[in-house]
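What follows is the structure, encoded as structure tokens:
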């Protein structure tokens, strides 16, 4: 009778020990899961925002226009940037060329010469009176000089906007700017008195 009692006690002790170990492992797993989730969440929060991204995008666009837009993966903006810069450079070059024409002819008149291009017609024949007077040359210089300066300012402005756009895009890409939060203009006709209402609509969905 003693042997069965010992065997029963040993079996019972083994079962209790196994249950204790299993329960302990379950408790350990329950403790580990929140810690793992919290660590992952912290890593995800930290990695979702890069404070250096706007500065990088602005720097890239300053070095090479359009490169910041490529960094932000807004590739459709690159043709717009180069189209604006090309237009500004084209008008600056054209106005500068015309300014130099009028300036050279004006200098030739002041030197007492009558050999500038405005003394000849389109066929290259010498005219008795120039196509553009000396006063006209002065006005032409002033006109093209102003246009040249405006074209230069526009080109510089487009270059600056290229940098600002890349910087702002890099900021906004790190925030939630979906359709649940939007600000849009609206235009509505009042059917009672046929007047129009113009305003802004703010949409915010939870």
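In mature numbering (1 follows the signal peptide of the UniProt record, and there is no 0), the protein residues as written are -23 to -1, 1 to 183.
Ideal Cβ positions, reconstructed from N, Cα and C, are used throughout, including at glycine.
Residue i versus the options, residue with shortest Cα-Cα distance
i, options, result
"residue 128", "136, 69, 31 and 83", "69"
"residue 72", "29, 124, 139 and 141", "124"
"residue 116", "96, 105, 134 and 75", "75"
"residue 78", "133, 46, 42 and 122", "122"
"residue 133", "104, 65, 110 and 166", "65"
"residue 80", "51, 138 and 110", "110"
"residue 58", "67, 105 and 42", "42"
"residue 67", "137, 131 and 29", "131"
Start and end residues, alpha helix (DSSP H) containing residue i
i, result
"residue 123", "111 to 149"
"residue 70", "54 to 87"
"residue 44", "44 to 48"
"residue 33", "30 to 40"
Own chain residues within Cβ distance below 7 Å of residue i, not counting five before or after
i, result
"residue 31", "144, 147 and 148"
"residue 44", "37 and 38"
"residue 135", "61, 62 and 65"
"residue 51", "146"
"residue 14", "The predicted position of residue 14 is uncertain, since its pLDDT is 41 and thus under 50; no value can be drawn from it."
"residue 118", "76, 79, 80 and 83"
Nearest-angstrom Cβ-Cβ length linking residue i and residue j, presumed shorter than 8 Å
i, j, result
"residue 39", "residue 48", "Not quite, the Cβ-Cβ distance comes to about 12 Å (not below 8 Å), so this is no contact."
"residue 114", "residue 82", "5 Å"
"residue 120", "residue 107", "No, residue 120 and residue 107 are not in contact; Cβ-Cβ is about 18 Å, not under 8 Å."
"residue 90", "residue 97", "No, residue 90 and residue 97 are not in contact; Cβ-Cβ is about 13 Å, not under 8 Å."
"residue 54", "residue 142", "7 Å"
Sequence-distant residues of its chain with Cβ nearer than 6 Å to residue i (five each side left out)
i, result
"residue -1", "The predicted model places residue -1 with a pLDDT of 48, which falls under 50 and marks its position as unreliable, so this point remains unresolved."
"residue 140", "35, 38 and 39"
"residue 85", "93"
"residue 99", "none"
"residue 138", "none"
"residue 29", "none"
Close beta carbons around residue i, own chain, < 8 Å, minus the five adjacent residues each side
i, result
"residue 27", "151"
"residue 6", "For residue 6, the predicted structure reports a pLDDT of 46, less than 50, and the residue's modelled location is therefore unreliable. The matter cannot be settled from this model."
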